[in-house]
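Just so we're aligned: the sequence shown equals residues 1 to 135 in full-length UniProt numbering.
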Amino acid sequence: MKKIIWEDEFSVGVEELDRQHKQIIEVINTLADKPRMFRRFQNVSSALMELTNYVSEHFLLEEKLLQENGYPNLLEHPKKHTLYSNKIVDFCQGSLDGKRDVPTELIDFLTHWWTNHILHEDMQYKAFFKEKGVK
Ligand SMILES: [Fe+2]
Ligand SMILES: [Fe+2]
């Protein structure tokens, strides 16, 4: 399956956030390598649990930095994170219900969501953090 290749354009200019993004991408790429393991609900839920641990930590830090530095439209960004988390719950439920298309759809969703979120939505705060001297 298609993987996410980290390029310099993915960098949001804050070291720890970049590190977390790289870690999340790595987990997604590992999942993309073995879509077959997703045929069992238990495997889907444990893979998502592992990913969710990294993701929750990341969302928390990102939102904290935005808040601490007085980012304008503060409520907008976390909303996107919440929509993502809801979607993951849907996938988990879908897997529990035995839907056959979960693996492909899930990996597709993760790949697209994270690429788009980092490159377009997270990228909106890059200049802001730079101006604030957050590195
Ligand atoms: Fe974000
Ligand atoms: Fe992010």
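Cβ atoms here follow ideal geometry from the backbone N, Cα and C, with glycine treated the same way.
Treat the numbers as computed from the prediction; the structure is a model and nothing was measured.
About 15 Å separates the beta carbon of GLU57 from that of PRO78, a gap too long to meet the 8 Å contact definition. For TYR54, the uninterrupted alpha helix (DSSP H) segment begins and ends at 41-68. ILE88 is positioned such that its CB atom lies closer than 8 Å to that of THR52. HIS117 has its CB nearer than 7 Å to a heavy atom of ligand 1. If you ignore the 5 residues before and after LEU106, its C-beta comes within less than 6 Å of the C-beta of PHE91, all in its own chain and listed in chain order. If you look at PHE128, you'll find it in the alpha helix (DSSP H) that goes 126-132.
For ASP8, there are no CB contacts under 7 Å within the same chain when 5 residues up- and downstream are skipped. A straight-line Cα-Cα distance of about 18 Å links ILE118 and PRO72.
Take the alpha-carbon of ALA127 and the one of GLY133: they are about 10 Å apart. No residue range can be given for ASN73, since it is assigned to no alpha helix (DSSP H) and is classified by DSSP as neither H nor E.
Taking a contact to require three or more Cβ pairs closer than 8 Å, the segment 10-20 and the segment 39-51 do not qualify as touching.
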